[in-house]
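Worksheet for the structure shown next.
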Amino acid sequence: MIIYGVGILAFCYVVGQIFGEFIGKLIGVDANVGGVGFAMILLILINDWLKKKNYLDTSTEKGILFWSQMYIPIVVAMSATQNVKVAVSSGFMAILAGIVPVLICIAVIPFLAKISKSSQID
Amino acid sequence: MEIISKFLEKNGIVFTFLVVSLIIYCSELISVKATNKKIPGSAIAIIFGLLMAYFGGVATGGEKGIADIKIFSGFGVLGGSMFRDFAITSTAMGASFIVIKRTGLAGVLSLFLGIVLSFIGGVVVALFWGYHDAISLTTIGAGACTYIVGPVTGAAIGASSDVMALSIAAGVIKAVFVTIGTPFIAKYIGLNNPHTAMVYGGLMGTTSGVSAGLAATDPKLVPYGALTATFYTGLGCLFCPSLLFILMKFVFAD
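Residue numbers (our numbering), protein chains in the order written: chain A, 1 to 122; chain B, 1001 to 1254.
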């Protein structure tokens, strides 16, 4: 049933996010540290396990896939709620302070990509 | 008229489904007919969204883009962090754990480099604009990480409210710039595989920017970029008001 898929996804989300909140508390930060990341890893592991046990039928899977298909519409809604006015009217300094870091980071991508590829071989 | 607007307010999220589906339909049409699929439909839809956000901000003076207009308040729910994170989590279904494990080290490295380099970038720009005190420089540098790290850091170290506003603005601009820029620079930086996507997510760090930018580039890359980016804001909130602020105080002692 579709709701089982949605339930599995919700389980991963809740567990991962709470874990992220606790890690934030643990290191003394007022933010969620990697909650979504933990949720994603949990989903990958549970998905793997269910597949091996043959517990996963297509309609259960559809409950999860529906949300990944809804991802782009959600992103469109998200961009429609950004504070774009501030971004446009905040003056030249804020614009540079937003763009310069991106350009610096782009410059080190080839270097990091090399590391990730060399660790692939072994 | 009032009946309709009241109804739309009450049924905000369903109305949002309708509006977003129309936006995506029109964007696909434009993508095929006007650009010969050179610019992906999702990229056009996201830019549409940003334009709506600008319009909403100008019309209401609020901070939540189109969601500040009452009949579009459902955008705030569908586009809020709960649904966004829920949908990002679901994209992990298509991700390969082996790839994630292999890129792990580079991903972690990219997070630390991303925070430090963004911070330095923001600080250098602030220096050029005449800021010389450690608190303002740190807050603006933190804003150059993400628009959450900026105010969290500023509040922790006692920055003035105008510097805080500046740091939020810098973070928002970064998010918008990454959103729009990613599909266009992807070709030049080899952003066409999961490994580079993970590194990219860690370096840029803005979850909204990275997830929207990758969605417009290649939806298959989203889980990898999002996975690393989701650690960035938390780590930024950890390092900016502590280690990086102490270093700044050391360098710019007065």
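Even glycine gets a Cβ: it sits at the ideal position worked out from N, Cα and C.
Computed from a predicted structure; not experimentally measured.
Residues near HIS1195 (chain B) by beta carbon distance below 6 Å, same chain, minus five either side
If you ignore the 5 residues before and after HIS1195 (chain B), its C-beta comes within less than 6 Å of the C-beta of THR1103, all in its own chain and listed in chain order.
With 16 other Cβ atoms within 10 Å as the buried cut-off, status of TYR1025 (chain B)
Sixteen is the threshold: since fewer than 16 other Cβ atoms of the shown chains lie within 10 Å of the Cβ of TYR1025 (chain B), the residue is exposed.
Cβ neighbour criterion (16 or more within 10 Å) applied to LEU45 (chain A):
With fewer than 16 Cβ atoms within 10 Å of its Cβ, LEU45 (chain A) is classed as exposed.
Given this structure, state the Cα-to-Cα distance separating LYS1010 (chain B) from SER1090 (chain B), to the nearest angstrom.
Going by the C-alpha atoms only, they are around 28 Å apart.
Pull up the CB-CB distance for GLY1201 (chain B) and GLY1225 (chain B), whole angstroms please, since I reckon it's below 8 Å.
GLY1201 (chain B) to GLY1225 (chain B), Cβ: 3 Å. Contact.
Secondary structure at GLN69 (chain A), three-state DSSP: helix, strand or coil?
Reduced to three states, the DSSP call for GLN69 (chain A) is helix.
Of the listed residues B:THR1060, B:MET1248, B:VAL1163 and B:LEU1191, nearest to VAL108 (chain A) (C-alpha basis)
Checked all of B:THR1060, B:MET1248, B:VAL1163 and B:LEU1191; the closest Cα to VAL108 (chain A) is B:LEU1191.
Can you name, in chain order, every residue of its own chain whose Cβ lies under 7 Å from the Cβ of SER1031 (chain B), other than the five neighbours on each side?
Spatial neighbours of SER1031 (chain B) in its own chain (CB-CB distance under 7 Å, excluding positions within 5 residues in sequence) are listed in chain order as LYS1037, ILE1039, PRO1040, GLY1041 and ILE1044.
So, with DSSP's three-state summary, where would you put ILE121 (chain A)?
Legend: pLDDT at ILE121 (chain A) = 48, less than 50; position of this residue unreliable, value from coordinates given subsequently. Look at ILE121 (chain A) here: in three-state DSSP terms it is helix.
Among A:LEU112, A:ILE106 and A:PRO101, which has the Cα closest to the Cα of GLY1171 (chain B)?
Comparing Cα-Cα distances from GLY1171 (chain B) to each of A:LEU112, A:ILE106 and A:PRO101, the minimum goes to A:PRO101.
Less than 9 Å between the beta carbons of TRP67 (chain A) and VAL6 (chain A), yes or no?
It is a contact, given that the beta carbons lie within the stated cut-off.
Among B:ILE1013, B:MET1198 and B:THR1016, which residue has its Cα nearest to the Cα of GLY1114 (chain B)?
Considering only B:ILE1013, B:MET1198 and B:THR1016, the residue with the shortest C-alpha distance to GLY1114 (chain B) is B:MET1198.
Beta-carbon proximity check, LEU56 (chain A) vs VAL15 (chain A), cutoff 9 Å:
Contact flag unset, no.
With 16 other Cβ atoms within 10 Å as the buried cut-off, status of THR58 (chain A):
Counting of Cβ neighbours within 10 angstroms places THR58 (chain A) among the exposed residues, the total staying below 16.
CB-CB length for SER1167 (chain B) against ILE1140 (chain B), believed under 8 Å
So it is a contact: roughly 5 Å between Cβ atoms.
In terms of residue numbering, what span does the alpha helix (DSSP H) encompassing CYS12 (chain A) cover?
Per DSSP, CYS12 (chain A) belongs to the alpha helix (DSSP H) from 2 to 26.
Could you name the residues of the same chain whose beta carbon sits closer than 7 Å to that of GLY1076 (chain B), not counting the 5 residues immediately before and after it, in chain order?
Cβ within range, chain order: LYS1064 and ALA1067.
If you check the beta carbons only, do LEU1221 (chain B) and LEU1214 (chain B) fall under 9 Å apart?
In this structure, LEU1214 (chain B) lies closer than 9 Å to LEU1221 (chain B) by Cβ.
CB contact check: ALA1034 (chain B) to chain A, cutoff 9 Å:
The Cβ of ALA1034 (chain B) sits no closer than 9 Å to any Cβ of chain A.
To the nearest angstrom, how far is the alpha carbon of ALA1142 (chain B) from that of GLY35 (chain A)?
Taken atom to atom, the span from the alpha-carbon of ALA1142 (chain B) to that of GLY35 (chain A) is near 21 Å.
On a CA-only basis, which of A:TYR13, A:PRO110 and A:GLY20 is nearest ARG1084 (chain B)? Give me that one, please.
Looking at the Cα atoms, A:TYR13 is the closest of the given residues.
With C-beta atoms as the reference, is MET70 (chain A) less than 9 Å away from GLY1049 (chain B)?
No, they are not a contact pair.
CB of GLY28 (chain A) within 9 Å of CB of GLY1234 (chain B), strictly
For GLY28 (chain A) and GLY1234 (chain B), no; Cβs fall outside 9 Å.
Suppose you measure from the CA of MET1248 (chain B) to the CA of ALA1169 (chain B); what does that come to, to the nearest Å?
Rounded to the nearest angstrom, the gap between the Cα atoms of MET1248 (chain B) and ALA1169 (chain B) is 21 Å.
Under a three-way DSSP split, which group does ILE1025 (chain B) fall into?
Residue identity check: residue 1025 (chain B) is Tyr in the sequence provided, not Ile. Of the three classes helix, strand and coil, the one that applies to TYR1025 (chain B) here is helix, per DSSP.
Listing by chain order, which chain A residues have their CB less than 9 Å from the CB of SER1042 (chain B)?
Here the neighbours are ILE72, VAL75 and VAL76.
Would you check if the distance between the CB atom of TYR1232 (chain B) and the CB atom of THR1179 (chain B) is smaller than 9 Å?
Contact flag unset, no.
Mind pulling the chain B residues with CB within less than 7 Å of ASN47 (chain A)?
Those within 7 Å of ASN47 (chain A) in chain B are MET1093.
Within 10 angstroms of its Cβ, does LEU112 (chain A) collect 16 or more other Cβ (buried), or is it exposed?
Buried: at least 16 other Cβ atoms inside 10 Å.
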